[in-house]
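Numbering follows our numbering, in which position 64 of the sequence shown is assigned residue number 64; successive positions increment by one, without gaps. Glycine included, C-beta positions come from ideal geometry on N, C-alpha and C. Presented below is the structure to which this report refers.
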Amino acid sequence: IIGVMRAGAAYIPIEPSYPVQRKQYMLKQASARFLLSDEVRQDWATQIDIATYQVTQLITKPHPRPEVWPHLTHKS
1 IIGVMRAGAA YIPIEPSYPV QRKQYMLKQA SARFLLSDEV RQDWATQIDI ATYQVTQLIT
61 KPHPRPEVWP HLTHKS
């Protein structure tokens, strides 16, 4: 949600259990251009011509850098 807002966009929560027609209606009424979801299949969204992305596909793994320590332990 923070990433969406930082990109200057809006977030519309859509309950996955909603009927397909209701989800399509919500996206059309909002003039949504993208659908970000954690669901694997979004076949219903292709019927309304919207770009769909699975969140796990957008997450990149961090590249470890040896100069950055994850933590320090202080021993007295």
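Are residue i and residue j close, meaning C-beta to C-beta below 8 angstroms?
i: L35; j: I59; result: no
i: P19; j: E39; result: no
Based on DSSP bridge pairs, tell me the residues matched to residue i.
i: Y53; result: L36
> Considering only residues of the stretch 14-39, which uninterrupted beta strand (DSSP E) runs meet the minimum length of 3 residues and lie entirely inside it, listed in chain order?
Replying inline: 34-37
>> Assess contact between the stretch 18-28 and the stretch 43-58, defined as three or more Cβ pairs (one per stretch) separated by less than 8 angstroms. Is contact present?
In response: yes
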